[in-house]
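Number of protein chains: 2
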Amino acid sequence: MIKQDTIVALATASGSGAIAIIRLSGDDAIAIVDAHFKSVTSSKSLIKQKTHTIHLGHIVDGKKEIDEVLVSVFKNPSSYTGEDVVEISCHGSSYIQQEIIQLFLRNGCRMANAGEFTLRAFLNGKLDLSQAEAVADLIASDNEASHQIAMQQMRGGFSSEIAKLRSELLNFASLIELELDFSEEDVEFADRSQFKSLVDRIILVLKRLIDSFAVGNVIKNGIPVAIVGEPNVGKSTLLNALLNEERAIVSDIAGTTRDAIEDEISIGGIGFRFIDTAGIRDTEDVVESIGIKKTFEKIEQSQVTIYLFDASVISNTVEKSESVKQELEKIKNKYPQKPLLIIANKIDTLNDIQLAALQNQIEGVQLLSAKTGFGVEQLTNSLLNLINTGALRNNETIVTNSRHYDALLKAFEEIQKVKYGLDTGLSGDLLAIDIRQALYHFGEITGEITNDDLLGNIFANFCIGK
Amino acid sequence: MIKQDTIVALATASGSGAIAIIRLSGDDAIAIVDAHFKSVTSSKSLIKQKTHTIHLGHIVDGKKEIDEVLVSVFKNPSSYTGEDVVEISCHGSSYIQQEIIQLFLRNGCRMANAGEFTLRAFLNGKLDLSQAEAVADLIASDNEASHQIAMQQMRGGFSSEIAKLRSELLNFASLIELELDFSEEDVEFADRSQFKSLVDRIILVLKRLIDSFAVGNVIKNGIPVAIVGEPNVGKSTLLNALLNEERAIVSDIAGTTRDAIEDEISIGGIGFRFIDTAGIRDTEDVVESIGIKKTFEKIEQSQVTIYLFDASVISNTVEKSESVKQELEKIKNKYPQKPLLIIANKIDTLNDIQLAALQNQIEGVQLLSAKTGFGVEQLTNSLLNLINTGALRNNETIVTNSRHYDALLKAFEEIQKVKYGLDTGLSGDLLAIDIRQALYHFGEITGEITNDDLLGNIFANFCIGK
Chain A
1 MIKQDTIVAL ATASGSGAIA IIRLSGDDAI AIVDAHFKSV TSSKSLIKQK THTIHLGHIV
61 DGKKEIDEVL VSVFKNPSSY TGEDVVEISC HGSSYIQQEI IQLFLRNGCR MANAGEFTLR
121 AFLNGKLDLS QAEAVADLIA SDNEASHQIA MQQMRGGFSS EIAKLRSELL NFASLIELEL
181 DFSEEDVEFA DRSQFKSLVD RIILVLKRLI DSFAVGNVIK NGIPVAIVGE PNVGKSTLLN
241 ALLNEERAIV SDIAGTTRDA IEDEISIGGI GFRFIDTAGI RDTEDVVESI GIKKTFEKIE
301 QSQVTIYLFD ASVISNTVEK SESVKQELEK IKNKYPQKPL LIIANKIDTL NDIQLAALQN
361 QIEGVQLLSA KTGFGVEQLT NSLLNLINTG ALRNNETIVT NSRHYDALLK AFEEIQKVKY
421 GLDTGLSGDL LAIDIRQALY HFGEITGEIT NDDLLGNIFA NFCIGK
Chain D
1001 MIKQDTIVAL ATASGSGAIA IIRLSGDDAI AIVDAHFKSV TSSKSLIKQK THTIHLGHIV
1061 DGKKEIDEVL VSVFKNPSSY TGEDVVEISC HGSSYIQQEI IQLFLRNGCR MANAGEFTLR
1121 AFLNGKLDLS QAEAVADLIA SDNEASHQIA MQQMRGGFSS EIAKLRSELL NFASLIELEL
1181 DFSEEDVEFA DRSQFKSLVD RIILVLKRLI DSFAVGNVIK NGIPVAIVGE PNVGKSTLLN
1241 ALLNEERAIV SDIAGTTRDA IEDEISIGGI GFRFIDTAGI RDTEDVVESI GIKKTFEKIE
1301 QSQVTIYLFD ASVISNTVEK SESVKQELEK IKNKYPQKPL LIIANKIDTL NDIQLAALQN
1361 QIEGVQLLSA KTGFGVEQLT NSLLNLINTG ALRNNETIVT NSRHYDALLK AFEEIQKVKY
1421 GLDTGLSGDL LAIDIRQALY HFGEITGEIT NDDLLGNIFA NFCIGK
């Protein structure tokens, strides 16, 4: 192992909190902290302390005491990075955080780059590349589904699936390459029919993984839902009603306030991004027609369309009800494949006869009162049913990372060449080349095959301190 | 000791970071975490682990894995609060923080109130009241001076000074009260001349502490400096020049970005708040005269006034130079006691003859070029010299807390009554009452004397998680 310089960074969120954690990693991490640490409880130097122990004392710069801190010592290889790691838990003022980091920068540390702690963990074999990527996903996860996928990937679920395919394929590749050594004797070490069935299995798995990317992408980025509806039909009341169902769970936890979610709402653990649009009724008005164009653009970008209208208005005038029907026709004609939910809001203002008339006039309408909450649960169920969350529930591997997706597509292409080669009785040496290519792309995912550029790209997206 | 319920809160700054710390304290803290923790490295339960040890594993909710975490165990009394404490270092996503806190809330914890961890530390005798208050000051400190004072107070510097006075006074109080028991025999256990000299000494110390509050207040809240100057004389360039002197130190530390300081600048470790004002030249204009009134108001609120003008303009026209002189006269007349720094900016545009003329015309002018940096250091020295930082440099106790200040004032009043009583030969029983009162106010500072309302007020100002 080459000598690793020691890096330092703030590991907790920036800003003021009760405490903050400053993390150091590298060959001199413990010695550097020890030189500026006065223990309260022990006369032993930190270097002599056991791994995974915590020590109360002061960080001092010469005679100046910077803070009373807890120092956690992790010795290589039993640390996050696999190197010697020290975590300093100090009081959470920005001033103190800065003073301590500066002290270490003046005394043998350098500032960590984005993701450098995790990069070192990868380089030291503590996790593979797809697990390292899952760390960033985990930190970015803001709903149950994306969190669950990141956790599964971090635990190595995805890697082990890829690694299994890779090792089986590698086994056959070796046999075929062995045949080449004995090519003059015309032997077949690799049983072609067994190999064919393996290739078929790999194709199936790859297809499933590739297909899962659509779901994975949706889960990671949230599902865009266009709400088409004129002003005052109750769009914001509806969003609040959807939001409240979730909020109720967390309302009693002071201090863990979520960021204002605005139009992104988590329903059943999946993020939905609601995009507000104007109506699309017929018009001669130029300004209006620009609005209509935009509405269509937003429907285009969405995966689901909710058409929301005011039930009370529609049951009073025939005209209005016709205009709703026309708008719905237009949307259906333009986007026949796109799921469309038709929601009549404010049904609390209607009597039973009016309700029956409404359901008669508009086919497939769902009744809702954002005010009373009636129909909100039915709507959330409809939304969830539209998304194929089967894979998620069955705990299957879901691909969320576009780099993995690309590698899987390439591997798929190569494997299909292998299959074609087998079917057409391609010679072993040519077959071996295609297999090697497929193996290469598998290796890219887990990081057995890598290069500095790739690593640079991946870890640049991490935050500093991770 | 009564059974303490277990409290939980996020201890690090809210928002997303690489890691976050969730802290639990109370009788069941370790058991509650243990019930939802699957260790990776040890089969022993957390309850059987030693204090100050760290354990890698997963936080689980039934079969659901919430996160891979490090759990730190602190056993009573060797913890911050003096109770059993567990700190969970999890991945820093808000979603994960929330999930873990919710899990513990559902399983025997309650959400901690603001400052409740430190309140418990106080109630369990881990720190006295003034030390507890210093914790909040330390977290809020944003410059070297306020940090240094808070550290000194947290280390008990202030408390021990008060405690020493209190114990000496208590000693005499006991002797005098003993006299009362033997009042018929007319004995004097308490040597009156020794007592007088003690009272004189206490008065001296109290005076010094009370006086230090002015400096302490300034250091804690920053020193307000009014900059009087018309537009375009270079106010913002000057602020940037002052700022750059400090910024240079931290510029190479990515990831530790300070919050935008705007007009608050730390000079020599002391915070200065610069308040921008318009000029104050004579005018008939109503709008202008409102501006002038505001300028005077801001000078009023400040401790220092900087009068900034454009040197290049003044050396061209006699008129302009007269107007500057008049404005200076006005300020000096209105605020004869307030320190005034007269700064001619943009002197890089002047030749030597013009410079000499300028210095001749305006008494006490300091030459400066915010652009080239000339004179900036002289200005910062002038600002620092205006503040009595002697006490700070001599490491003397400085009072920054208005609650302490109030208690010291009251103690001072009582001690003067005692002195008067001694001088006039007041009877022992009356003397004893005044001494008790003084002792009471000393006790208020360190928390020997306290009540729920007072504690409530103090700890409500803490953040949750501290």
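Protein sequences appear in the order of chains A and D.
Take 1 as the starting number for the first sequence in our numbering and just add one per residue.
Take 1001 as the starting number for the second sequence in our numbering and just add one per residue.
Just so it is clear, CB atoms sit at the ideal spot from N, CA and C, and this is done for glycine as well.
Remember, it's a predicted structure, so these values are computed and weren't measured experimentally.
- Around ILE1210/D, the same chain offers VAL1399, TYR1405, LEU1408, LEU1409, PHE1412 as residues with beta carbons nearer than 8 Å, after the five sequence neighbours per side are excluded.
- Residue range 1053-1061 is occupied by the beta strand (DSSP E) that includes GLY1057/D, with no alpha helix (DSSP H) assigned at that position.
- When only Cα atoms are considered, ASP186/A and GLN337/A end up about 55 Å apart.
- LEU1204/D sits away from PHE1189/D, with the two beta carbons spaced by 8 Å or more.
- When Cβ-Cβ separations below 8 Å define contact, LYS75/A makes no contact with chain D.
- The segment 50-69 of chain A and the segment 1101-1116 of chain D do not touch, with fewer than three beta-carbon pairs separated by less than 8 Å.
- For the pair ALA1112/D and VAL1008/D, the Cα-to-Cα distance works out to about 5 Å.
- Taking CB atoms only, ALA1013/D has a neighbour in chain A less than 8 Å away.
- Approximately 7 Å separates the beta-carbon atoms of ILE267/A and LEU384/A; this is inside 8 Å, confirming the contact.
- The Cβ-Cβ distance between SER369/A and ILE343/A does not fall below 8 Å.
- By the neighbour-count criterion, in which 16 or more other beta carbons inside 10 Å mark a residue as buried, GLN326/A falls on the exposed side.
- The bridge partners DSSP lists for MET1111/D are VAL1008/D.
- Counting along the chain, PHE37/A sits inside the beta strand (DSSP E) bounded by residues 37-39.
- Around the C-beta of GLY375/A, 16 or more other C-beta atoms lie within 10 Å, and the residue is accordingly described as buried.
- Setting aside the 5 residues that flank it on each side, SER1236/D has no residue in the same chain whose C-beta is closer than 7 Å to its C-beta.
- About 17 Å separates the Cβ atoms of ASP1128/D and SER1079/D, ruling out a contact at the 8 Å cut-off.
- About 6 Å separates the beta carbons of LEU1056/D and THR1041/D, which is inside the 8 Å limit, making them a contact pair.
- Counting only runs of at least 3 residues, the segment 1310-1382 of chain D fully encloses the following beta strand (DSSP E) elements, listed from N- to C-terminal order: 1340-1345.
- Taking 7 Å as the Cβ-Cβ cut-off, the segment 1097-1116 of chain D approaches chain A at GLN1097, GLN1098, ILE1101, GLN1102, LEU1105, MET1111, given in chain order.
- Beta-bridge annotation (DSSP): ILE1265/D is paired with PHE1272/D.
- With a beta-carbon spacing of about 7 Å, SER1094/D and ASP142/A fall inside the 8 Å limit used to define contacts.
- Look at THR400/A here: in three-state DSSP terms it is coil, with no helix or strand label.
- The beta-carbon separation of ARG1273/D and GLY1229/D, rounded to 16 Å, does not stay under the 8 Å limit for a contact.
- Between the beta-carbon of ALA1011/D and that of GLY17/A there is about 7 Å, and that keeps the pair under the 8 Å contact cut.
- Here the alpha carbons of PRO224/A and THR277/A stand approximately 12 Å from one another.
- Taking C-beta separations shorter than 7 Å and ignoring five residues to either side along the sequence, the partners of PHE1442/D in its chain run ILE1162, LEU1165, ARG1166, ALA1411, following chain order.
- When the beta-carbon positions are compared, LEU367/A and LEU308/A stay at least 8 Å from each other.
- For GLU65/A, the C-beta contacts it makes with chain D under 7 Å involve MET1151, in order along the chain.
- Taken atom to atom, the span from the alpha-carbon of THR1081/D to that of THR53/A is near 19 Å.
- Counting along the chain, no alpha helix (DSSP H) covers LYS50/A, and no H or E run does either.
- For the C-beta of SER1159/D, not a single chain A residue is nearer than 8 Å; the gap to the nearest is close to 15 Å.
- Within chain D, not a single residue places a beta-carbon under 8 Å from that of ALA432/A; the smallest gap is close to 40 Å.
- DSSP places ASP1453/D in the uninterrupted alpha helix (DSSP H) bounded by 1452-1460.
- PHE442/A: member of the alpha helix (DSSP H) spanning 428-446, first to last residue.
- The C-beta distance from LYS419/A to VAL199/A rounds to 5 Å, short enough to meet the 8 Å contact threshold.
- Here the C-alpha atom of PHE117/A lies approximately 58 Å from the C-alpha atom of ILE1331/D.
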